[in-house]
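Asks: I am attaching a structure below and will ask some questions about it afterwards.
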Amino acid sequence: MHSDFWHDRWAEGRIGFHLPESNPLLKRGWSALNAQGEGRVLVPLCGKTLDMLWLREQGHEVLGVELSELACQAFFDEQEVVVEKRERDGFQVRSVDGLDLYCGDFFALPQHCYDSVAWVYDRAALVAFPPEMRKQYVQSLIEKLPSCVSILLITLEFDELQGPPFSVNEAEVRELYGQRFDIEKLFVEQSEGKGGRLETETMYVLKDRACG
Ligand SMILES: C[S@@+](CC[C@H](N)C(=O)[O-])C[C@H]1O[C@@H](n2cnc3c(N)ncnc32)[C@H](O)[C@@H]1O
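What follows is the structure, encoded as structure tokens:
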């Protein structure tokens, strides 16, 4: 998937994936991670999601990664927070009160950014990629995440091949992550999506097997 696709969507305001409040599923599912102690929450492909603020309110440090400069700036503008940006590792980085927003390509995120990550929150990141890129995305996470990381993952399933979002079923989640993570399905919700199609949203908790 070419980056222009996403830049165009942000420029044209075609961001139907963005929620006007923090995601109720996150609030329901986060406790399953038992997220305590030190460490950051990595929010890949974060857009301008308010979930990052909710995670900060829970006391976590947050690292968001987003391709679109428009989205990164809008996140702070909409909170009426004035923030300086600086260049680091080829990213435009904005930081405020325990929240770092890296603007650039997720695949270029340097290893040191992963070193203090303890949890990952993936809503609409895995499903934003076509099949081959999903493999690369998960491979990146598996190679770079430190041990003992847990992941809260939300997927979508529906009867259509075109995307994004792309339909991702449980078998694929197990195939992609099963080698390293124990996978528990937390809950499943069905709703009417785009064009009246039936969509199934599933939340999984992935726990690093090496952690015991
Ligand atoms: C479906 S949206 C999800 C946004 C957010 N997670 C949410 O729940 O609102 C996917 C986002 O990923 C961003 N994106 C796509 N490819 C990316 C990449 N390679 N690196 C970083 N961000 C990317 C897009 O600009 C878009 O904002």
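So the sequence shown is residues 3 to 214, counted in my numbering.
Backbone N, C-alpha and C define an ideal beta-carbon position, used for all residues, glycine too.
These numbers were taken from a predicted model, which means no experiment stands behind them.
When you compare the CB positions of G61 and H20, do they come within less than 7 Å of one another, or not?
Replies: Working through the sequence shown from its first residue, we reach residue 61 at position 59. Working through the sequence shown from its first residue, we reach residue 20 at position 18. In this structure, H20 does not lie closer than 7 Å to G61 by Cβ.
Asks: Taking the alpha carbon of S43 as the reference point, which residue from N36, S33, G66, N25 has its own alpha carbon closest?
Replies: One-based indexing of the sequence shown puts residue 43 at position 41. A small correction: the amino acid at residue 43 is Val; Ser does not occupy that position in the sequence shown. V43 has its Cα closest to that of G66, out of N36, S33, G66, N25.
Asks: Quick check: what's the CA-CA separation for S152 versus Y179?
Replies: Numbered from its first residue, the sequence shown carries residue 152 at position 150. Numbered from its first residue, the sequence shown carries residue 179 at position 177. C-alpha separation (whole angstroms): 11 Å.
Asks: Distance, Cα to Cα, E194 vs D161?
Replies: Position 192 of the sequence shown, counted from the first residue, corresponds to residue 194. Position 159 of the sequence shown, counted from the first residue, corresponds to residue 161. Looking at the two C-alpha atoms, the distance is approximately 12 Å.
Asks: Which residues share a DSSP beta bridge with G66?
Replies: The residue given as residue 66 occupies position 64 in the sequence shown. G66 pairs with V45, L103.
Asks: For the candidate residues L158, P46, A76, whose alpha-carbon lies nearest to that of I17?
Replies: The residue labelled residue 17 in the question sits at position 15 within the sequence shown. That would be A76, whose Cα lies nearest to the Cα of I17.
Asks: How would you write the range of the beta strand (DSSP E) that E145 sits in, first residue to last?
Replies: To locate residue 145, count along the sequence shown from 1; it is residue 143. Segment 133-146 is the alpha helix (DSSP H) holding E145; no beta strand (DSSP E) there.
Asks: Could you pull the DSSP bridge partners for K209 from this structure?
Replies: By one-based count along the sequence shown, residue 209 stands at place 207. The partner list for K209 (beta bridge, DSSP) reads S152, D184.
Asks: For G39, which residues from the same chain have a beta carbon less than 8 Å from its beta carbon, with the 5 sequence-adjacent residues on both sides left out?
Replies: In the sequence shown, counting from the first residue as 1, residue 39 sits at position 37. Taken in chain order, the residues that qualify are A120.
Asks: Find out if the Cβ-Cβ distance for the pair G100, R58 is shorter than 7 Å.
Replies: The residue labelled residue 100 in the question sits at position 98 within the sequence shown. The residue labelled residue 58 in the question sits at position 56 within the sequence shown. Cβ distance < 7 Å, so G100 and R58 count as in contact.
Asks: Secondary structure at S5, three-state DSSP: helix, strand or coil?
Replies: The count along the sequence shown starts at 1 and reaches residue 5 at position 3. Note: S5 maps to helix in three-state DSSP.
Asks: With a CB to CB cut of under 7 Å and the five nearest residues on each side skipped, what residues in its chain are close to P148?
Replies: To locate residue 148, count along the sequence shown from 1; it is residue 146. Closer than 7 Å at the Cβ level, and outside the excluded window around P148, lie Y116, D117, V119.
Asks: If P26 and F108 are in contact, beta carbons under 8 Å, what's the gap, nearest whole angstrom?
Replies: Position 24 of the sequence shown, counting from 1, holds the residue named residue 26. Position 106 of the sequence shown, counting from 1, holds the residue named residue 108. Actually they are not in contact, since the Cβ atoms of P26 and F108 sit about 25 Å apart, beyond 8 Å.
Asks: Excluding the 5 residues flanking L35 on each side, which residues of the same chain have their C-beta closer than 8 Å to its C-beta?
Replies: Counting from one through the sequence shown, the residue named residue 35 turns up at place 33. Contacts found: W121, S152, L154, V207.
Asks: Would you mind working out which of Q113, L143, H114 sits nearest Y123, comparing C-alpha positions?
Replies: For the purposes of this step, residue 123 is taken as residue 121 along the sequence shown, with counting starting at 1. Closest option to Y123, Cα to Cα, is L143.
Asks: So what's L57 in DSSP terms, helix, strand or just coil?
Replies: As a working note, residue 57 is residue 55 in the sequence shown. Note: L57 maps to helix in three-state DSSP.
Asks: Would DSSP call L28 helix, strand or coil?
Replies: Counting from 1 along the sequence shown, the entry for residue 28 is found at position 26. DSSP places L28 in helix when its eight states are reduced to three.
Asks: Going by the beta-carbon positions, is the gap between V129 and T157 smaller than 7 Å?
Replies: Taking the sequence shown and counting its residues from 1, the one referred to as residue 129 is at position 127. Taking the sequence shown and counting its residues from 1, the one referred to as residue 157 is at position 155. Yes, they are a contact pair.
Asks: For V95, which residues does DSSP report across the bridge?
Replies: Taking the first residue of the sequence shown as 1, we reach residue 95 at position 93. Bridge partners of V95: R88, Y104.
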